[in-house]
């Protein structure tokens with residue numbers, strides 16, 4: 001637990017430095033961008049002072065961290081509303097999408113990976129492996145468009161755009177869930193193949209335990225640690241990766257908010273979005289690190 | 001050694017298929033001006049959102065531009081952006097990886113910390129943050145993709161170089177008074193080459209996916225340039241009117257990304273049979 005924290009804290013500091021530097025790396029004067037091009041020099045100076053941009057860089061950084069820690073992420077240049085409030089309104093859409101996708105990925109991935117490992121080097125194994133390879137090479141936004149073409153335009157079964165009802169989430173979750181399922185399946189297969197020849201499984205079979213029970217009770221336990229690690233990584237990746245699918249289905253999530261902010265050069269909004277998503281990503285991975293000993297007694301030593 | 005590796009690569013049917021397809025796409029990209037039936041930028045509003053016709057085999061987009069011609073010219077953009085970003089990531093990543101392995105101590109510790117921070121960002125988030133700093137466009141796309149790819153090259157190089165620097169022939173060369181640069185380039189780098197080459201090939205596929213994703217979002221290649229991801233940014237309108245125009249660019253991205261990863265896997269297995 002302490003070790004996980006020891007790794008996490010420096011990473012979080014690094015993340016906040018990068019996020020802080022976004023403003024200062026933007027070409028041009030952030031105060032002028034914030035004030036608008038036709039603002040008078042006095043207005044620009046006032047905004048520079050209000051945003052604290054006239055203070056020394058280290059002082060600005062400390063202020064930035066202290067405020068962020070209190071949930072104070074500044075004000076959007078474009079809409080004038082607090083960034084934290086905007087993110088709080090958008091985050092549920094993204095988290096909902098990422099959560100259901102990861103659930104689909106876990107169920108489909110573990111099933112496919114298990115079948116693949118049990119039928120190692122048979123036709124079904126090759127088929128599953130080919131599909132997983134294809135899944136990581138396919139752009140998610142294109143899969144989303146093709147699913148929309150079939151299920152919304154041709155068959156008229158599901159709504160094409162929006163995020164209001166559960167039906168709106170079927171296609172986005174299918175897109176992202178099946179894509180992540182590919183990685184989960186590969187990992188499950190590799191972890192199972194490692195243990196399938198082990199003596200303790202032979203013993204179990206020799207005792208007359210059914211094959212399904214051998215796999216489910218004895219072999220799959222070995223998959224839990226790598227499974228939680230990859231699900232954590234994918235969940236974090238999805239918090240940002242949903243942006244492409246959010247765009248296709250017009251879901252008002254955090255990703256789309258950040259893209260719009262980048263185009264409008266609304267840097268407090270960009271900083272807030274990047275900081276929140278990166279922190280969640282680091283937190284999820286710290287949790288999967290911390291629960292590894294719970295899932296595998298061998299790691300408790 | 002080299003001939004053995006070639007034999008092993010040629011025996012891998014999937015890898016060969018990938019390499020052949022990539023050669024075909026590269027040829028199409030080079031000869032795009034001669035192969036394309038239309039000007040990729042020519043607007044013809046009277047004939048927009050067309051399906052497959054004799055004049056436009058893959059239909060037209062919202063401005064009536066020919067999809068097949070844009071696809072061919074788009075291959076140039078996609079391959080060039082991927083090549084530039086992976087190339088620069090390779091040079092910088094290999095240099096930092098070698099430096100970390102050679103100096104150890106605080107240089108190596110700093111290296112590990114920076115890589116940890118870079119990996120603490122989900123890919124798409126870091127890409128968006130980079131574009132936020134530099135503004136949307138081609139240069140930002142190359143920078144964003146290479147920053148994402150860099151830690152991979154640095155880690156692979158560092159791992160192989162750490163094993164190589166303590167070899168006896170390297171120590172001998174050092175004792176004989178060779179300069180650090182000479183030793184790294186002449187004796188250490190060749191030991192790291194196989195994993196770097198395999199990594200670079202596979203990374204080109206990832207680069208194509210990332211760059212086209214950014215362009216799809218409007219953060220990468222800017223209109224009116226033809227780029228595969230950007231061609232899909234009006235995809236929702238296309239699937240209602242001329243689905244073939246939304247199908248083709250995505251298929252092109254998938255095939256190229258898949259070919260790079262098959263060829264990369266093939267190279268890895270051929271160059272390093274131990275794995």
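Chains as they are written, first to last, in my numbering: chain A, 1 to 301; chain B, 1 to 275. Glycine included, each C-beta is placed from N, C-alpha and C at the ideal position.
Below-8 Å beta-carbon distance, residue i vs any chain B residue
i	result
residue 101 of chain A	no
residue 137 of chain A	yes
residue 174 of chain A	no
residue 26 of chain A	yes
residue 47 of chain A	no
residue 247 of chain A	yes
residue 10 of chain A	yes
residue 244 of chain A	yes
residue 236 of chain A	yes
residue 98 of chain A	no
residue 239 of chain A	yes
residue 169 of chain A	no
residue 131 of chain A	no
residue 230 of chain A	no
Exposure of residue i, with buried meaning 16 or more beta-carbon neighbours within 10 Å
i	result
residue 40 of chain B	buried
residue 254 of chain B	buried
residue 218 of chain B	buried
residue 166 of chain B	exposed
residue 243 of chain B	buried
residue 121 of chain A	exposed
residue 30 of chain B	exposed
residue 13 of chain A	exposed
residue 227 of chain B	buried
residue 27 of chain B	exposed
residue 324 of chain A	In the structure as shown, chain A begins at 1 and stops at 301. Residue 324 of chain A is therefore absent and cannot be evaluated.
residue 77 of chain A	buried
residue 183 of chain A	buried
residue 70 of chain B	buried
residue 52 of chain A	exposed
residue 166 of chain A	exposed
For residue i, the three-state DSSP class (helix, strand or coil)
i	result
residue 66 of chain B	strand
residue 82 of chain A	strand
residue 60 of chain B	strand
residue 75 of chain A	strand
residue 271 of chain B	helix
residue 56 of chain A	coil
residue 43 of chain B	coil
residue 12 of chain A	helix
residue 153 of chain B	helix
residue 332 of chain B	Absent from the structure is residue 332 of chain B, since the part of chain B shown begins at 1 and ends at 275.
residue 218 of chain A	helix
residue 180 of chain A	helix
residue 276 of chain B	The question about residue 276 of chain B has no answer here: the residues shown for chain B are numbered 1 through 275.
residue 271 of chain A	helix
residue 208 of chain A	coil
residue 29 of chain A	coil
residue 78 of chain B	helix
residue 165 of chain A	coil
residue 251 of chain A	coil
residue 38 of chain B	coil
Chain A within 8 Å of residue i, Cβ atoms only
i	result
residue 243 of chain B	yes
residue 53 of chain B	no
residue 205 of chain B	yes
residue 11 of chain B	no
residue 230 of chain B	no
residue 61 of chain B	no
residue 216 of chain B	yes
residue 147 of chain B	no
residue 116 of chain B	yes
residue 142 of chain B	no
residue 237 of chain B	no
residue 124 of chain B	yes
residue 181 of chain B	no
residue 278 of chain B	As shown, chain B starts at 1 and ends at 275. That puts residue 278 of chain B outside it, with no answer to give.
residue 277 of chain B	Limits of chain B in this structure are 1 at one end and 275 at the other, which puts residue 277 of chain B out of reach.
residue 133 of chain B	yes
residue 80 of chain B	no
Integer-rounded CB distance, given that residue j should sit under 8 Å from residue i
i	j	result
residue 97 of chain B	residue 8 of chain B	The Cβ separation is near 26 Å, so there is no contact.
residue 75 of chain B	residue 32 of chain B	7 Å
residue 179 of chain A	residue 130 of chain A	Their Cβ separation, rounded to whole angstroms, is 15 Å, which puts residue 179 of chain A and residue 130 of chain A out of contact at 8 Å.
Taking the runs of the beta strand (DSSP E) that are 3 residues or longer, which of them lie wholly in the stretch 120–161 of chain A?
Runs found: none.
Tell me the start and end of each unbroken alpha helix (DSSP H) in the stretch 163–230 of chain B that is at least 4 residues and wholly inside, in chain order.
Listed in chain order, they are 168–175, 180–183, 189–217.
Residue ranges of each beta strand (DSSP E) within the stretch 86–150 of chain B, 3 or longer:
Unbroken beta strand (DSSP E) runs of no fewer than 3 residues, entirely contained in the stretch 86–150 of chain B, are not found.
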